[in-house]
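**Student:** So that we are looking at the same thing, I have put the structure below in structure tokens.
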Amino acid sequence: MQLSSLLGHSAELVRIIRKSPQPGDTIASEYFRSKKYLGSTDRRFISGLVFHTLRTLSLSEAIATHLGLEDVVHGAHLLMDNPENVDLSFINDLPIHVQVNTQDWLLTSTQKRWPTDAAEVWRSMMQSAPLVLRVNLRRATRDAIIKHLTAEGIECTAGPLSPAAIVVHQRVNLQQHPLYLGGMVEVQDEGSQLVAYACAPAETDHILDACAGAGGKSLHLADLQNDKGRITAHDIEWNRLKEVPTRANRAGIRSVWASVDEKRPTRRSSKDIAHYDIVLVDAPCSGMGTVRRLPMVKWRLTPQTLERHAKKQLSVLEQYAPHVRDGGILVYATCSILPEENEDVVAAFLKAHPEFVVDPLPAGVIPSAVEGRKGEEAKGQKGEEDGASFQADPWHYGTDGLFMARMKRIANSE
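Residues in the sequence shown are numbered from 2 upward in steps of one, following the numbering used here.
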């Protein structure tokens, strides 16, 4: 297919995605199903250009406007190809938030955490995210899986942070692969994998995964417990939670129980419900750490929506905290890089609940974090002096944005 036609399809798909609240990959799949005449090479080109456009939207629009191009997709294509005969030096004079493709107020928000590195964090989110696998270590070793994939011509390496992570360095659909179907591996970003290690469960711990979604973290916790504990996977959305039994069966897990949660906090006293050794609250958030995969989230978020997220997150944390037994652990996590959803929520919770205190992440939970740091992270300017929280991001660690904080309950209260 001619380049002009490919650009036309790309522009049409970008327009559809920008107008729809649905995830871009869902819309792209529907679009390609309706255009059966597009071959695999054409689909690959269009998909790559579309998501490059969405990740670099403000910069691509600036290029298109400056050079008088037809639309934003042409600007993105020019940015992607970077031909030597086109002068793009004007980009250096654009506002920083345009250069790094985010909203001005979002850049300001992240500068609270990274005064000098925030722009680089956003710039790193202009890149596509790799496929990352989590090895079910009860069933296989990471080295064995890497050897197996390499023998099939699939380029992959061990992840630097999670002992179970494998980073795949090429586009490949592994969800029909025997290793996946046989429960040897799961698809899970390396940053997300760190949450289970932050929980550091003992084999027989009773765990509540309060916002379990499709159960990825529940299954990882079960793997760390050698399937000898008891994990209750709760969520208010059955459409996601219903995947848990299927995924658990595929992984050979018997210790995870799926349960639809009530929408309101329990009215029973904390003495009746505080029996979990670990409660994980992976709270609903803006998704601002997943921008590489879902680029439209950074363009749709408003300060008002962020404020509502933070209030909801504190409410959810307070709803499930009473389920933690005395001496038990509460872990709060989000897939966000915004302090308003992370450190600020934890600080507000601890201020209102003196029965909880920060609890340092266990030694070795993030074994290679120091080696992975650069910029402010390498200098220790992380805002995590207590050692009880950790912020992953693409620039400093090569992962999706992921925040987690560990707390301990020191006294019961009504």
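From the three backbone atoms N, C-alpha and C, an ideal C-beta is built for every residue, glycine too.
#1: DSSP state of W258, grouped into three classes?
#2: Is it a yes or a no for the region 121–129 touching the region 339–354, going by three-plus beta-carbon pairs under 8 Å?
#3: Does DSSP put V317 in a helix, a strand or coil?
#4: My parser needs the beta strand (DSSP E) runs of 3 or more residues fully inside the region 210–263; what are they?
#5: Just the Cα atoms here: how many angstroms apart are K113 and Y398?
#6: Quick check on the DSSP output: what are the complete alpha helix (DSSP H) runs of length 4 or more inside the region 24–52, in order along the chain?
#7: Would you identify the three-state DSSP class for I338, choosing helix, strand or coil?
#8: Give a yes or no on contact between the region 290–308 and the region 208–218, applying the rule of three or more CB pairs nearer than 8 Å.
#9: Using a Cβ distance threshold of 8 Å, determine whether the region 89–100 contacts the region 163–173, with at least three qualifying pairs required.
#10: Relative to the alpha-carbon of L362, which residue among C200, L50 and P24 has its alpha-carbon at the smallest distance?
#11: Answer yes or no: do S193 and L403 have a C-beta to C-beta separation smaller than 9 Å?
#12: Assuming I17 contacts Y32 (C-beta within less than 8 Å), just tell me the rounded distance between them.
#13: Compare the Cα-Cα distances from C336 to each of E344, I330 and V173 and report the closest residue.
#14: Cα separation between V317 and L195?
#15: E204 to G216, Cα distance in whole Å?
#16: CB-CB under 6 Å to R140, same chain, minus the five flanking residues each way: which ones, in chain order?
#17: What do you reckon, is the C-beta of Q176 under 8 Å from a heavy atom of the ligand HEM?
#18: Taking 9 Å as the threshold (C-beta atoms), are R326 and V359 in contact?
#19: For I1 and G328, I'd like the C-alpha separation in whole angstroms.
#20: What is the rounded straight-line gap between the Cα of E356 and the Cα of R410?
**Tutor:** Working from what's here:
#1: Counted from its first residue, the sequence shown places residue 258 at position 257. Reduced to three states, the DSSP call for W258 is strand.
#2: No: the two stretches stay apart, fewer than three of their Cβ pairs being nearer than 8 Å.
#3: For the purposes of this step, residue 317 is identified with residue 316 of the sequence shown, where counting begins at 1. Helix at V317.
#4: Within the region 210–263, complete beta strand (DSSP E) segments of at least 3 residues are found at 231–236 and 257–261, given in chain order.
#5: Residue mapping note: residue 113 aligns to position 112 of the sequence shown, counting from 1. Residue mapping note: residue 398 aligns to position 397 of the sequence shown, counting from 1. Rounded to whole angstroms, K113 to Y398 spans 19 Å at the Cα level.
#6: If only complete runs of 4 or more residues are kept, the region 24–52 shows the alpha helix (DSSP H) at 25–35, in order along the chain.
#7: Here residue 338 refers to the residue found at position 337 of the sequence shown. Looking at I338 - three-state DSSP - the assignment turns out to be coil, as it is neither helix nor strand.
#8: As far as the Cβ criterion goes, the region 290–308 does not touch the region 208–218, which means the pair count is below three.
#9: Contact between the region 89–100 and the region 163–173 is absent, because fewer than three Cβ pairs lie under 8 Å.
#10: Counting from 1 along the sequence shown, the entry for residue 362 is found at position 361. Cα-wise, what sits closest to L362 is C200.
#11: Within the sequence shown, residue 193 is the residue found at index 192, counting from 1. Within the sequence shown, residue 403 is the residue found at index 402, counting from 1. Inclusion of S193 and L403 in the CB contact set at 9 Å is warranted, their separation being smaller than that value.
#12: Locating residue 17 in the sequence shown gives position 16, counting from the first residue. Locating residue 32 in the sequence shown gives position 31, counting from the first residue. Rounded, the Cβ-Cβ distance is 7 Å, consistent with contact.
#13: Within the sequence shown, residue 336 is the residue found at index 335, counting from 1. Of E344, I330 and V173, the residue nearest in Cα terms is E344.
#14: On the sequence shown, residue 317 is found 316 positions in, with the first residue counted as 1. On the sequence shown, residue 195 is found 194 positions in, with the first residue counted as 1. V317 and L195: Cα-Cα distance of roughly 21 Å.
#15: By 1-based counting over the sequence shown, the position of residue 204 is 203. By 1-based counting over the sequence shown, the position of residue 216 is 215. Rounded to the nearest whole angstrom, the CA to CA distance from E204 to G216 is 18 Å.
#16: Within the sequence shown, residue 140 is the residue found at index 139, counting from 1. Around R140: M185.
#17: Looking at this structure, you won't find the ligand HEM or any other ligand, since it has none at all.
#18: In the sequence shown, counting from the first residue as 1, residue 359 sits at position 358. In the sequence shown, counting from the first residue as 1, residue 326 sits at position 325. For the 9 Å CB-CB criterion, V359 and R326 do not form a contact.
#19: Outside the displayed span of the chain (2 to 415) sits residue 1, for which this structure offers no information.
#20: Walking along the sequence shown from the start, residue 356 turns up at place 355. Walking along the sequence shown from the start, residue 410 turns up at place 409. Put simply, the backbone Cα of E356 is about 6 Å away from that of R410.
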